[in-house]
Amino acid sequence: MPNVEVLTLSANNISSLEHLANCQHLTELYLRRNDIHNVSELSYLKNLACLKVLWLAENPCCDPDPVKYRLTVLRNLPGLQKLDNQVVTEEELALALEGVEEVINPPGPARAGSTNGHTETDSEYDPLNYSMDKIHAQLGMKPLPRDKFSSSREAGTFLKKKSHTLEAVLLLLKDLDVEELKTVQCATENKLRARSRQKEKIPISQH
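Under this note's numbering, read the sequence shown as residues 68 to 274, first letter to last.
Set out below in C-alpha coordinates:
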(Lines of atoms letter the chains of each structure in order from A and count residues from 1; the text may use other names and numbers.)
(Lines give C-alpha, C1' and ligand atoms only; values in the text may rest on other atoms or scores of the structure.)
Protein backbone atom coordinates (compact mmCIF):
# COMPACT_ATOMS: atom_id res chain seq x y z
CA MET A 1 0.00 0.00 0.00
CA PRO A 2 2.72 2.63 0.79
CA ASN A 3 4.19 2.15 -2.72
CA VAL A 4 0.94 2.51 -4.66
CA GLU A 5 0.98 5.30 -7.27
CA VAL A 6 -2.59 5.34 -8.63
CA LEU A 7 -5.56 4.57 -6.39
CA THR A 8 -9.20 4.38 -7.48
CA LEU A 9 -11.65 4.23 -4.57
CA SER A 10 -14.77 5.80 -6.06
CA ALA A 11 -18.18 4.84 -4.60
CA ASN A 12 -16.80 2.95 -1.59
CA ASN A 13 -18.54 4.78 1.30
CA ILE A 14 -15.17 6.10 2.49
CA SER A 15 -15.51 8.71 5.26
CA SER A 16 -11.88 9.24 6.31
CA LEU A 17 -8.55 9.60 4.47
CA GLU A 18 -6.39 8.67 7.45
CA HIS A 19 -5.42 5.32 5.93
CA LEU A 20 -3.83 7.13 2.96
CA ALA A 21 -1.45 9.30 4.99
CA ASN A 22 1.53 6.97 4.43
CA CYS A 23 1.12 6.50 0.66
CA GLN A 24 4.18 8.62 -0.13
CA HIS A 25 4.36 7.52 -3.79
CA LEU A 26 0.72 8.26 -4.57
CA THR A 27 0.37 10.45 -7.68
CA GLU A 28 -3.33 10.02 -8.57
CA LEU A 29 -6.24 9.55 -6.17
CA TYR A 30 -9.85 9.04 -7.25
CA LEU A 31 -12.46 9.40 -4.47
CA ARG A 32 -15.69 10.34 -6.26
CA ARG A 33 -19.05 9.52 -4.68
CA ASN A 34 -17.85 8.64 -1.20
CA ASP A 35 -18.96 9.84 2.25
CA ILE A 36 -16.30 12.43 3.11
CA HIS A 37 -18.15 15.12 5.09
CA ASN A 38 -15.25 17.15 6.49
CA VAL A 39 -12.80 18.98 4.25
CA SER A 40 -10.26 18.79 7.09
CA GLU A 41 -9.66 15.18 6.00
CA LEU A 42 -7.31 16.81 3.47
CA SER A 43 -4.78 17.16 6.28
CA TYR A 44 -3.99 13.46 5.84
CA LEU A 45 -2.87 14.14 2.26
CA LYS A 46 -0.67 17.17 2.91
CA ASN A 47 2.57 15.19 3.18
CA LEU A 48 2.01 13.28 -0.07
CA ALA A 49 4.50 15.26 -2.15
CA CYS A 50 3.93 13.20 -5.31
CA LEU A 51 0.15 13.71 -5.43
CA LYS A 52 -0.75 15.56 -8.64
CA VAL A 53 -4.30 14.41 -9.46
CA LEU A 54 -7.22 14.35 -7.02
CA TRP A 55 -10.86 13.64 -7.81
CA LEU A 56 -13.02 14.42 -4.79
CA ALA A 57 -16.26 15.51 -6.48
CA GLU A 58 -19.67 14.23 -5.34
CA ASN A 59 -18.65 14.04 -1.69
CA PRO A 60 -20.61 15.89 1.04
CA CYS A 61 -17.60 18.14 1.74
CA CYS A 62 -17.93 19.65 -1.76
CA ASP A 63 -21.18 21.44 -0.85
CA PRO A 64 -22.72 23.95 -0.37
CA ASP A 65 -20.11 26.30 -1.86
CA PRO A 66 -18.20 24.49 -4.63
CA VAL A 67 -15.95 27.50 -5.34
CA LYS A 68 -14.78 27.81 -1.75
CA TYR A 69 -14.33 24.04 -1.61
CA ARG A 70 -12.05 24.05 -4.64
CA LEU A 71 -9.94 26.94 -3.33
CA THR A 72 -9.67 25.26 0.06
CA VAL A 73 -8.41 22.04 -1.53
CA LEU A 74 -5.78 23.93 -3.55
CA ARG A 75 -4.74 25.99 -0.53
CA ASN A 76 -3.94 22.81 1.37
CA LEU A 77 -2.64 20.77 -1.58
CA PRO A 78 -0.87 23.37 -3.76
CA GLY A 79 1.05 20.67 -5.62
CA LEU A 80 -2.08 19.44 -7.42
CA GLN A 81 -2.08 19.78 -11.20
CA LYS A 82 -5.64 18.55 -11.71
CA LEU A 83 -8.62 18.66 -9.33
CA ASP A 84 -11.93 16.99 -10.14
CA ASN A 85 -10.87 16.49 -13.77
CA GLN A 86 -10.09 20.22 -14.18
CA VAL A 87 -6.55 21.50 -14.72
CA VAL A 88 -5.33 23.81 -11.96
CA THR A 89 -4.28 27.20 -13.36
CA GLU A 90 -1.61 29.50 -11.92
CA GLU A 91 -4.23 32.20 -11.35
CA GLU A 92 -6.48 29.80 -9.47
CA LEU A 93 -3.61 28.63 -7.26
CA ALA A 94 -2.58 32.21 -6.50
CA LEU A 95 -6.16 33.05 -5.52
CA ALA A 96 -6.33 29.96 -3.31
CA LEU A 97 -3.09 30.85 -1.52
CA GLU A 98 -4.34 34.37 -0.86
CA GLY A 99 -7.88 33.94 0.28
CA VAL A 100 -8.75 30.63 1.94
CA GLU A 101 -7.85 29.34 5.38
CA GLU A 102 -5.53 26.39 5.59
CA VAL A 103 -6.66 23.11 7.13
CA ILE A 104 -3.99 22.19 9.67
CA ASN A 105 -5.32 19.41 11.89
CA PRO A 106 -7.23 16.25 11.03
CA PRO A 107 -10.72 16.12 12.55
CA GLY A 108 -10.81 14.79 16.09
CA PRO A 109 -11.40 15.77 19.73
CA ALA A 110 -11.10 19.50 20.34
CA ARG A 111 -7.87 20.59 21.97
CA ALA A 112 -7.76 22.48 25.22
CA GLY A 113 -8.23 26.20 24.72
CA SER A 114 -9.90 25.77 21.34
CA THR A 115 -13.38 26.28 19.93
CA ASN A 116 -14.82 24.11 17.15
CA GLY A 117 -11.39 22.70 16.41
CA HIS A 118 -9.73 26.14 16.03
CA THR A 119 -7.20 27.39 18.57
CA GLU A 120 -7.56 30.80 20.16
CA THR A 121 -5.96 33.74 18.39
CA ASP A 122 -3.35 34.20 21.11
CA SER A 123 -2.15 30.60 20.88
CA GLU A 124 1.36 29.85 19.67
CA TYR A 125 -0.12 27.15 17.47
CA ASP A 126 -1.04 29.51 14.66
CA PRO A 127 -1.79 28.06 11.17
CA LEU A 128 0.49 30.60 9.50
CA ASN A 129 3.39 29.86 11.87
CA TYR A 130 2.91 26.11 11.46
CA SER A 131 2.78 26.26 7.67
CA MET A 132 5.88 28.44 7.32
CA ASP A 133 7.85 26.43 9.90
CA LYS A 134 7.03 23.25 8.00
CA ILE A 135 8.30 24.67 4.70
CA HIS A 136 11.43 26.05 6.35
CA ALA A 137 12.13 22.62 7.86
CA GLN A 138 11.71 20.89 4.48
CA LEU A 139 14.21 23.29 2.94
CA GLY A 140 16.70 22.93 5.78
CA MET A 141 16.09 26.46 7.05
CA LYS A 142 15.72 27.60 10.66
CA PRO A 143 12.15 27.98 11.96
CA LEU A 144 10.79 31.50 11.99
CA PRO A 145 11.10 33.13 15.46
CA ARG A 146 7.73 33.66 17.11
CA ASP A 147 8.48 37.34 17.75
CA LYS A 148 8.23 38.00 14.01
CA PHE A 149 4.46 37.52 14.21
CA SER A 150 2.67 40.49 15.79
CA SER A 151 -0.23 39.86 18.09
CA SER A 152 -2.15 42.81 16.70
CA ARG A 153 -4.80 42.08 14.11
CA GLU A 154 -3.50 44.67 11.63
CA ALA A 155 0.10 43.46 11.75
CA GLY A 156 -1.07 39.86 11.57
CA THR A 157 -2.95 40.52 8.34
CA PHE A 158 0.06 42.21 6.75
CA LEU A 159 2.43 39.43 7.76
CA LYS A 160 0.01 36.79 6.54
CA LYS A 161 -0.07 38.33 3.05
CA LYS A 162 3.73 38.60 2.99
CA SER A 163 4.11 35.03 4.23
CA HIS A 164 1.64 33.69 1.66
CA THR A 165 3.88 35.17 -1.04
CA LEU A 166 7.00 33.65 0.51
CA GLU A 167 5.26 30.31 0.95
CA ALA A 168 4.19 30.24 -2.69
CA VAL A 169 7.75 31.06 -3.83
CA LEU A 170 9.27 28.32 -1.67
CA LEU A 171 6.76 25.77 -2.94
CA LEU A 172 7.48 26.68 -6.56
CA LEU A 173 11.24 26.32 -6.01
CA LYS A 174 10.76 22.62 -5.35
CA ASP A 175 9.57 22.07 -8.93
CA LEU A 176 12.43 23.92 -10.67
CA ASP A 177 15.40 22.23 -12.34
CA VAL A 178 19.04 23.28 -11.90
CA GLU A 179 19.07 25.82 -14.74
CA GLU A 180 15.83 27.42 -13.57
CA LEU A 181 17.17 27.63 -10.01
CA LYS A 182 20.30 29.37 -11.32
CA THR A 183 18.09 31.90 -13.10
CA VAL A 184 16.20 32.54 -9.87
CA GLN A 185 19.49 32.88 -7.99
CA CYS A 186 20.81 35.40 -10.52
CA ALA A 187 17.61 37.45 -10.38
CA THR A 188 17.67 37.39 -6.58
CA GLU A 189 21.29 38.56 -6.45
CA ASN A 190 20.53 41.40 -8.87
CA LYS A 191 17.57 42.43 -6.75
CA LEU A 192 19.69 42.41 -3.58
CA ARG A 193 22.40 44.52 -5.23
CA ALA A 194 19.78 47.02 -6.41
CA ARG A 195 18.32 47.24 -2.91
CA SER A 196 21.80 47.76 -1.45
CA ARG A 197 22.50 50.60 -3.89
CA GLN A 198 19.21 52.24 -2.96
CA LYS A 199 20.16 52.16 0.72
CA GLU A 200 23.58 53.66 -0.04
CA LYS A 201 21.91 56.59 -1.82
CA ILE A 202 19.83 57.52 1.23
CA PRO A 203 21.41 60.73 2.65
CA ILE A 204 22.59 60.59 6.23
CA SER A 205 21.47 63.59 8.27
CA GLN A 206 24.32 65.60 9.75
CA HIS A 207 24.14 67.05 13.22
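Every residue, glycine too, gets a C-beta built ideally from N, C-alpha and C.
Query, Result
"Cross-strand partners of Val106 (DSSP beta bridge)", "For Val106, which the question treats as bridged, DSSP gives no partner whatsoever."
"Beta carbon of Leu93 nearer than 7 Å to that of Leu121", "no"
"Where Val73 sits in the DSSP three-state scheme", "strand"
"Glu247 (DSSP reduced to helix, strand or coil)", "helix"
"Simplified DSSP state of Gln12, which is helix, strand or coil", "The chain is shown from 68 up to 274; residue 12 falls before or after that span and cannot be answered."
"Val154 - DSSP class collapsed to helix/strand/coil", "strand"
"beta-carbon Ile81 near the ligand SAM non-hydrogen atom, thresh 6 Å", "Although the ligand SAM was asked about, the structure shown includes no ligands whatsoever."
"Member of Tyr111, Val106, Asn80, Glu108 whose CA lies at the smallest distance from the CA of Arg99", "Asn80"
"Cβ distance (whole Å) where Leu109 is taken to contact Gln91 below 8 Å", "So it is not a contact: roughly 16 Å between Cβ atoms."
"DSSP beta-bridge partners of Val140", "Its beta-bridge partners do not exist; DSSP assigns none."
"For Leu164 and Arg142, believed in contact at Cβ under 8 Å, the rounded distance", "6 Å"
"Beta-carbon spacing of Pro127, His104 below 7 Å", "yes"
"Cβ neighbour criterion (16 or more within 10 Å) applied to Lys113", "buried"
"Short Cβ contact (7 Å threshold) for Val155 with Gln148", "yes"
"Neighbourhood of Cys129 by C-beta, 7 Å cutoff - its chain only, sequence neighbours within 5 removed", "Leu123, Tyr136"
"Coil, strand or helix - Glu125 by DSSP", "coil"
"Best match in Val71, Leu237, Leu160 for proximity to Val251 [C-alpha to C-alpha]", "Leu237"
"Beta-carbon gap between Glu95 and Val71 smaller than 7 Å", "no"
"Top-ranked residue by Cα proximity to Ser83, from Asn89, Glu125, Tyr111", "Tyr111"
"Top-ranked residue by Cα proximity to Ala78, from Asn101, Arg264, Glu85, Pro69", "Asn101"
"Endpoints, beta strand (DSSP E) assigned at Glu95", "95-97"
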